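Number of protein chains: 2
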Amino acid sequence: MFNRELLKGSTSLVLLQLLNERDMYGYELVKELDKRSDHSLQVKEGTLYPALHKLEKQEYIEFYWQEQEKGPARKYYQITQEGREVLIEKTEEWQQFVNVMNKVIRRPKNDPVKD
Amino acid sequence: MFNRELLKGSTSLVLLQLLNERDMYGYELVKELDKRSDHSLQVKEGTLYPALHKLEKQEYIEFYWQEQEKGPARKYYQITQEGREVLIEKTEEWQQFVNVMNKVIRRPKNDPVKD
DNA sequence: GATAGATACCTTTTAATACTAGGTAGGTGA
DNA sequence: TCACCTACCTAGTATTAAAAGGTATCTATC
Chain Z
1 MFNRELLKGS
11 TSLVLLQLLN
21 ERDMYGYELV
31 KELDKRSDHS
41 LQVKEGTLYP
51 ALHKLEKQEY
61 IEFYWQEQEK
71 GPARKYYQIT
81 QEGREVLIEK
91 TEEWQQFVNV
101 MNKVIRRPKN
111 DPVKD
Chain G
1 MFNRELLKGS
11 TSLVLLQLLN
21 ERDMYGYELV
31 KELDKRSDHS
41 LQVKEGTLYP
51 ALHKLEKQEY
61 IEFYWQEQEK
71 GPARKYYQIT
81 QEGREVLIEK
91 TEEWQQFVNV
101 MNKVIRRPKN
111 DPVKD
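Those sequence lines, one after another, are chains Z and G.
Number 17 in the UniProt record's numbering belongs to position 17 of the first sequence; there are no gaps in the numbering.
Number 46 in the UniProt record's numbering belongs to position 46 of the second sequence; there are no gaps in the numbering.
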């Protein structure tokens with residue numbers, strides 16, 4: 001597990017990305033993230049549900065209920081067109097951030113910073 | 001400029017890295033980060049000084065005053081041995097986080113997730 | 001049938017931390 | 001004079017991840 005603070009600002013990006021692949025329900029998102037990250041991205045339900053509700057308010061995602069033959073009903077989330085646009089922006093932003101961080105923290109020799 | 005939240009959890013890493021290269025004073029750190037990141041990592045003074053004071057309390061950095069012939073005295077910060085050890089840990093943590101994020105947000109085809 | 005654990009949703013409160021907006025003071029240049 | 005740069009600082013606000021709790025259904029085991 002990482003410093004929890006590292007995830008800040010990236011949760012919505014990760015959720016939009018997963019929902020861009022397919023509709024998923026909250027509990028499924030938690031399990032999927034855990035699986036894909038080899039148990040190092042354990043987003044907690046206290047993080048997930050408020051984050052989903054915010055994305056919904058922003059109209060980046062929508063939901064629909066689906067009754068199950070067995071077990072509780074599932075609230076499936078679906079990305080919207082606006083959500084897809086925001087996802088592209090956020091992904092670019094993330095890539096830029098990583099580039100800048102690498103520039104700052106991994107300073108190769110013979111690469112002087114110009115003023 | 002990025003989503004401000006992306007920086008969370010990374011500020012101390014960045015500061016320790018810069019101070020691992022040479023002693024610097026607060027105002028210099030702000031300018032240096034701005035320069036190295038092509039003006040995309042503009043850490044504000046309201047962020048910097050509390051962060052430095054925290055690192056100091058944790059004994060990852062120390063300071064000494066240096067009077068200037070002209071202008072206000074400068075408070076130079078210096079990384080400690082403990083700080084260097086923490087820097088190594090934090091750098092590894094950052095790399096792992098980036099790896100996991102890339103795994104989650106950039107899903108190549110023909111790379112199914114195994115259960 | 002009782003109990004534990006998994007599934008599935010949720011909220012309230014706490015903690016961490018980046019930023020806004022302000023302050024002090026000296027130096028420089030038009 | 002006035003603006004702007006250097007150089008330090010803090011109080012308050014906003015955001016958000018997590019902890020800790022709740023509800024309800026279903027399944028498996030003793």
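Heads up, the beta-carbon is just placed ideally off N, CA and C, and yes, glycines get one too.
Computed from a prediction, not measured in an experiment: that's the story for all the values here.
Kindly indicate the opening and closing residues of the beta strand (DSSP E) around residue i.
i: E69/Z; result: Taken as a continuous stretch (DSSP letters only), E69/Z belongs to no beta strand (DSSP E), as it is neither H nor E.
i: Q78/G; result: 74 to 79
Return the chain-ordered list of same chain residues with a C-beta closer than 6 Å to the C-beta of residue i, the five sequence neighbours on each side being excluded.
i: residue 136/Z; result: Residue 136/Z lies beyond the range of chain Z shown here (1 to 115); nothing can be said about it.
i: D23/Z; result: Y76, Q78
i: D34/G; result: Q42
i: V86/G; result: Y60
In whole angstroms, what is the alpha-carbon distance linking residue i and residue j?
i: L13/Z; j: W94/Z; result: 9 Å
i: Q66/Z; j: Y25/Z; result: 10 Å
i: E69/G; j: L55/Z; result: 55 Å
i: K2/G; j: S40/G; result: It should be pointed out that residue 2/G corresponds to Phe in this sequence rather than to Lys. Using only the alpha carbons, I get a separation of about 7 Å.
i: E89/Z; j: L6/G; result: 14 Å
i: F97/Z; j: R36/G; result: 13 Å
i: N99/G; j: H53/G; result: 31 Å
i: D38/Z; j: K103/G; result: 10 Å
i: L19/Z; j: K8/Z; result: 19 Å
i: M101/Z; j: E21/G; result: 16 Å
i: E32/G; j: K57/G; result: 23 Å
When we look at the beta-carbon of residue i and count the other beta-carbons within 10 Å, is it buried (16 or more) or exposed?
i: Q17/G; result: buried
i: Y60/Z; result: buried
i: I105/Z; result: buried
i: G83/G; result: buried
i: D115/G; result: With a pLDDT of only 47 at D115/G, under 50, the local geometry of the prediction cannot be trusted, and no value is derived from it.
What are the boundary residues of the alpha helix (DSSP H) that residue i is part of?
i: residue 149/Z; result: It is not possible to answer for residue 149/Z, since the shown part of chain Z is limited to 1 through 115.
i: K35/Z; result: 26 to 36
i: L16/G; result: 11 to 21
Just to confirm my understanding: we take residue i, look at its own chain, exclude 5 residues before and 5 after, and list those with CB closer than 7 Å. What are they?
i: V30/Z; result: V43, E45, L48
i: Y27/Z; result: none
i: A51/Z; result: T11, S12, L15
Answer with yes or no whether the minimum CB distance from residue i to chain Z is below 9 Å.
i: E5/G; result: yes
i: E93/G; result: yes
i: G26/G; result: no
i: Q96/G; result: yes
i: V86/G; result: no
i: V104/G; result: yes
i: K8/G; result: yes
i: L55/G; result: no
i: R36/G; result: yes
So, at 8 Å on beta carbons, what are the nonlocal neighbours of residue i in its own chain, with the 5 sequence-adjacent residues on each side left out?
i: T91/Z; result: L13, Q17
i: A73/Z; result: W65, Q66, E67
i: T80/Z; result: E59, Y60, I61, E62
Any beta-carbon of chain G closer than 9 Å to the one on residue i?
i: Q17/Z; result: yes
i: Q23/Z; result: Checking the displayed sequence, the identity of residue 23/Z turns out to be Asp instead of Gln. By this cut-off, D23/Z is not an interface position.
i: L48/Z; result: no
i: V14/Z; result: yes
i: V100/Z; result: yes
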